[in-house]
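Novice: Let me give you the structure first, and then I'll get to my questions.
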Amino acid sequence: MIGEDIVGLVVRGCAIFGIMLLVSGCASTKLLEVDKMSNFMALSGEQLEVVQPKIETIKGIVDNYNAEKESLETEINQLRKSRMGEGGYGGSGGSGGGQRGSREEIRQRIQGLREEESKSQHEVDVLVADIKALLSEEQLQKFEKIELPKLEMPEYSLEKQGGSGRRGGGGHSGGRGLSF
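Here our numbering is used: the first residue of the sequence shown is 142, the next is one more, and so on.
In structure tokens form, the structure reads like this:
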């Protein structure tokens, strides 16, 4: 009897805690949501005039990076599909030489995206530091709760899942999940 009551209490407590986490996660303020962020931070009109263009610049950087990333992901998916439609990796009975150019181009684009990620994240970090320099001590404490944009490089792999059906033995790994 008492054991069941304790279990019920623990279950209800966990459920309440889960709901609180869910609500707090949904209610998080993001830097790129200018209106919510300025209200949360209680920015003055003067602060908003300086901060808003910086946030718009950050939004542009993030949007450009994400567009490049999505374009590359589309190319990689198209290359995967074309390789699978040709008798597996390397083509049916051939060496897959027709794919070599595409694979090398993709490798170069991935490297370019890595460089863009680093450069763009640095630009975002500088703009965030500029914004923080304008804030009062109280606003800085609130700012620590704001979700900042983070540019992230996905893990890329052009290999079949499981690695079966591959001709020519072992694969090549270019680091950070990139393999062909």
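We treat Cβ as the ideally placed atom computed from N, Cα and C, and that holds for glycine.
Is N180 closer than 9 Å to S261 when the C-beta atoms are compared?
Specialist: No, they are not a contact pair.
Novice: Where do the ends of the alpha helix (DSSP H) carrying P194 lie?
Specialist: Element bounds for P194: G186 to M225.
Novice: Below 7 Å CB to CB, which residues in the same chain sit around E209 once its five sequence neighbours on both sides are set aside?
Specialist: These residues qualify, in order along the chain: L254 and E257.
Novice: Under a three-way DSSP split, which group does K171 fall into?
Specialist: Three-state DSSP puts K171 in a strand.
Novice: Check for me: the alpha helix (DSSP H) holding E279 runs from which residue to which?
Specialist: Element bounds for E279: E278 to F284.
Novice: Suppose contacts are defined by Cβ-Cβ distances below 9 Å. Is P290 in contact with K177 by that definition?
Specialist: Result no, Cβ atoms of P290 and K177 do not sit closer than 9 Å.
Novice: Less than 8 Å between the CB atoms is what I'm expecting for I202 and E264, so what's the real figure, rounded?
Specialist: Indeed, because the Cβ distance is near 6 Å, the residues count as touching under 8 Å.
Novice: Who are the near neighbours of Q280 in its chain, counting only those whose CB is closer than 6 Å to its CB and skipping five residues on each side?
Specialist: If we look at Q280 and ignore the five residues flanking it on each side, its Cβ neighbours are M182.
Novice: At a cut of 8 Å, does the stretch 189-200 reach the stretch 263-278 through at least three beta carbon pairs?
Specialist: Touching, per the Cβ criterion.
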